[in-house]
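S.K.: Below are the structure tokens for one structure; questions will follow.
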Ligand code: ADP
Ligand code: NI
């Protein structure tokens, strides 16, 4: 039964994000699923809730589908059609609502299951893969790589985060470098420290090359 729901979820994600080249391709969700499973096992969280929330966490993403964001309709419909009990389905929808990065308006999820999914999603935004995703997003949205004349915004809030147009390198300072300090599971903190260190080294090298010092 659980295996069947997971397989349906994987197929659903494959279909939903097949055409996405903005950093939300199906593989992003599958990496989040694998990381979330790893964190869930460490934390003793309820596995199926974590798996379904991870699979559906971007299905109604407000940047991809502002029209379904409030209702989480795709996630809700999928869970209903797959016979997930109403009470568990509500917990999953609630996790999806809580995981988003919204700058200083981000929340720590109320359940351990939510914290596993949030940390997993954030881990995929840092490290080598996170850097690759940022440049993919930047290219897709016509952003310049770097412009030393445009300073990064400090303490960005939800509204600014969603509307703000900046450079891709600024995104590292406005979001990515903050993520290791925002992890709330032990394994998430450990993995994020490594990935964060890589981002810092990458930026250091990038700026040295930019300034002609390498
Ligand atoms: P998530 O999957 O964590 O919800 P987002 O929807 O915020 O992530 O963004 C998708 C990917 O694109 C992430 O890797 C994120 O870091 C990156 N991204 C988002 N906004 C920007 C930006 N302004 N510049 C560069 N990369 C961005
Ligand atoms: Ni995501």
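Numbering (the numbering used here), first residue to last: 126 to 339.
Even glycine gets a Cβ: it sits at the ideal position worked out from N, Cα and C.
Note that the structure is a prediction, hence the values are computed from the model and not measured.
Quick one, which of 266, 310, 161, 307 has its alpha-carbon nearest residue 290's?
M.R.: Cα-wise, what sits closest to residue 290 is 266.
S.K.: At 4 residues or longer, and completely inside the stretch 256-323: list those alpha helix (DSSP H) runs for me, N to C.
M.R.: Segments of the alpha helix (DSSP H) lying fully in the stretch 256-323: 283-288, 293-299.
S.K.: Please list, in chain order, all residues with a C-beta atom less than 5 Å from at least one heavy atom of the ligand NI.
M.R.: In chain order, the hits are 183, 246.
S.K.: Tell me which same chain residues have a C-beta within less than 8 Å of the C-beta of residue 180, skipping the five on either side of it?
M.R.: These residues qualify, in order along the chain: 131, 134, 135, 137, 138, 154, 158.
S.K.: Kindly indicate which three-state DSSP category residue 337 falls into: helix, strand or coil?
M.R.: Coil.
S.K.: Within this structure, are the beta carbons of residue 315 and residue 255 separated by less than 8 Å?
M.R.: No. Outside cutoff.
S.K.: Just tell me which of 334, 237, 274 has its CA closest to the CA of residue 167.
M.R.: Residue 167 has its Cα closest to that of 237, out of 334, 237, 274.
S.K.: Identify, in the order they occur along the chain, each residue of the same chain with its Cβ nearer than 8 Å to the Cβ of residue 285, setting aside the five sequence neighbours on each side.
M.R.: Once the five neighbours on either side are set aside, the close Cβ partners of residue 285 are 228, 278.
S.K.: Does the Cβ of residue 295 have 16 or more other Cβ atoms within 10 Å, making it buried, or fewer, making it exposed?
M.R.: Under this definition residue 295 is a buried residue.
S.K.: I believe residue 301 touches residue 324 by the beta-carbon criterion, under 8 Å. Please report the beta-carbon distance rounded to the nearest angstrom.
M.R.: Between residue 324 and residue 301 the Cβ distance is about 6 Å, and since that is below 8 Å, they are a contact.
S.K.: Along the chain, where does the alpha helix (DSSP H) containing residue 140 start, and where does it finish?
M.R.: It spans 127-141 - the alpha helix (DSSP H) in which residue 140 sits, taken as one unbroken run.
S.K.: Taking the alpha helix (DSSP H) that residue 245 falls in, what are its first and last residues?
M.R.: Its alpha helix (DSSP H) spans residues 237-248.
S.K.: When we look at the beta-carbon of residue 182 and count the other beta-carbons within 10 Å, is it buried (16 or more) or exposed?
M.R.: With 16 or more other Cβ atoms within 10 Å, it is buried.
S.K.: Tell me whether the beta-carbon of residue 173 lies closer than 8 Å to the beta-carbon of residue 127.
M.R.: Yes, these two residues count as a Cβ contact at 8 Å.
S.K.: Mind checking whether the beta-carbon of residue 259 lies closer than 7 Å to any heavy atom of the ligand ADP?
M.R.: Yes, the beta carbon of residue 259 sits closer than 7 Å to at least one heavy atom of the ligand ADP.
S.K.: At a cut-off of 7 Å, is residue 293 close to the ligand ADP when judged by its beta-carbon and the heavy atoms of the ligand?
M.R.: Under cutoff, so the answer is yes.
S.K.: Looking only at its own chain, which residues have a Cβ that is under 6 Å from the Cβ of residue 224, when we skip the five neighbours before and after it?
M.R.: Correct list, in chain order: 182, 242, 243, 246.
S.K.: Could you give the distance in angstroms between the alpha-carbon of residue 333 and the alpha-carbon of residue 184?
M.R.: Taking the straight line from one Cα to the other gives about 39 Å.
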